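Chemist:
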Amino acid sequence: MKPVFSIIAPIFNEHDSLPELHRRVSAVMDGLGEPWELILVDDGSSDGSTDLIRQLAEQDERVRPVIFARNFGHQIAVTAGLDYARGDAVVIIDADLQDPPEVIPDLVARWREGYEVVYAVRTEREGESWFKLFTASLFYRIIFRITDVKIPMDTGDFRLLDRKVVNVLKTMRERHRFLRGMAAWVGFRQIGVPYKRAARFAGSTKYPFKKMLRLALTAITGFSYFPLQVATYLGFISAGLALIFIPIVVIERLVGNQAFFGQATTLVSVLFLGGVQLISLGILGEYIGRIYDEVKGRPLYIVREAPENDSSHPQS
Ligand code: UDP
Ligand code: MG
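Residue 19 is where the sequence shown starts when you use my numbering, and the numbers rise one by one after that.
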């Protein structure tokens, strides 16, 4: 039977959370009284999550496993979930139970009112370090300011998407993905639902600082040219300063001011300019690297095992 609801959970070494995730999602979804499916995307786990997913799928036919050939990253895992989902409404949820499944009925209620994207906004976050809270908060505010799409603040990937939105997202095959931005970019009627983000049920975060930084860069480069513009501004500022100071230096030297006969000033300005140029090159490099990745046109992910799909044909 075709499910009305699809729940997608990306899984990277979440062995200890999985049974509880399945239990709580089942309890909540059964309460809604419509057929549903739980898509567990195994993103190259190495802690036995893979076997546990297979086991859950054997016991419960509503569980559909998608098992990757290796770790492709959180955003790609969610993308695969969207590709395999068959429901009229699709809910993305973290497997560590930081997004309580009990909030899903609130999201569904808004969807039934006619909203096509219902995102869950964190009013409180439990069990996170001050560093994570600070960097996350800074990240959402920077993204909000400099990107062209208005990506809702303090909102993760926990959200409900209508089939119409999922179908649009499925046509957007960019490799460097920031799904929150992409979901905001498509438009439709969107609304937030507040919720309290819980602490992790088990295990530790799979988003070390390096991955957070990567995601931030993907978000910024994917939705704005701001860094490129910064390079341009820096160039104009340096050139402007040079225009002002060159005549001053020439005149001072001609009149014989001793202070203008040293190498230190030269060294400092060369260092400054060198720095500006290298930073600008780096920014360019970030964009060009991403263009190169897109042009290669490799598949977004490779599945080792996946359920038969009736309606759609994912991949690439
Ligand atoms: N995740 C994933 N692949 C990765 C990293 C994370 O599928 O490479 C999953 C992870 O299992 C979890 C979700 O993405 O279900 C969110 O990750 P996490 O809870 O570690 O991030 P945090 O909540 O600390 O930001
Ligand atoms: Mg988490």
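All residues carry an ideal CB built from backbone N, CA and C; glycine is no exception.
As the structure is a computational prediction, the values presented were derived from the model and not from experiment.
1. Under a three-way DSSP split, which group does Leu231 fall into?
2. Starting from the N-terminal side, write out each stretch of the beta strand (DSSP E) that is 3 residues or longer and does not extend beyond the region 163 to 193.
3. May I have the straight-line CA-CA distance separating Ser287 from Ile264, to the nearest angstrom?
4. Report the three-state DSSP secondary structure of Ile320 (helix, strand or coil).
5. At the level of alpha carbons, what is the spacing between Ala27 and Gly258?
6. What residue range does the beta strand (DSSP E) around Ser298 cover?
7. In the region 51 to 96, which residue ranges form an unbroken alpha helix (DSSP H) of at least 4 residues, counting only runs that do not cross its ends?
8. Of all the options Pro118, Leu246 and Val22, which has the alpha carbon lying nearest to the alpha carbon of Phe176?
9. Which residue's Cα is closest to the Cα of Leu233: Gly315, Gly174, Ala216 and Tyr133?
10. Can you say whether Lys224 is buried or exposed, counting buried as having 16 or more other CB atoms within 10 angstroms of its CB?
11. Would you check whether ligand 1 has a heavy atom nearer than 7 angstroms to the C-beta of Glu32?
12. With distance defined between alpha-carbon atoms, name the residue in Gly210, Leu187 and Glu55 nearest to Glu79.
Modeler: Checking against the coordinates, here is how it stands:
1. Locating residue 231 in the sequence shown gives position 213, counting from the first residue. If DSSP states are grouped into helix, strand and coil, Leu231 belongs with the helices.
2. Whole beta strand (DSSP E) segments, 3+ residues: 173 to 180.
3. Taking the first residue of the sequence shown as 1, we reach residue 287 at position 269. Taking the first residue of the sequence shown as 1, we reach residue 264 at position 246. Computed Cα separation, rounded: 12 angstroms.
4. For this step, residue 320 is matched to residue 302 along the sequence shown. DSSP places Ile320 in the coil class of the three-state scheme, outside both helix and strand.
5. Here the question's residue 27 lines up with position 9 in the sequence shown. Here the question's residue 258 lines up with position 240 in the sequence shown. Here the C-alpha atom of Ala27 lies approximately 53 angstroms from the C-alpha atom of Gly258.
6. Start at 1 with the first residue of the sequence shown, and residue 298 comes out as number 280. Counting along the chain, no beta strand (DSSP E) covers Ser298; the unbroken alpha helix (DSSP H) around it starts and ends at Ala282 to Lys314.
7. Counting only runs of 4 or more, we get 67 to 77.
8. If you number the sequence shown from 1, residue 176 lands on position 158. If we check each option's Cα against that of Phe176, Pro118 comes out closest.
9. The residue labelled residue 233 in the question sits at position 215 within the sequence shown. Ranking Gly315, Gly174, Ala216 and Tyr133 by CA distance to the CA of Leu233 puts Gly174 first.
10. Start at 1 with the first residue of the sequence shown, and residue 224 comes out as number 206. Lys224 counts as buried, since at least 16 other C-beta atoms from the protein chains shown sit within 10 angstroms of its C-beta.
11. Your numbering for residue 32 matches position 14 in the sequence shown. The answer is yes for Glu32.
12. By one-based count along the sequence shown, residue 79 stands at place 61. Closest option to Glu79, Cα to Cα, is Glu55.
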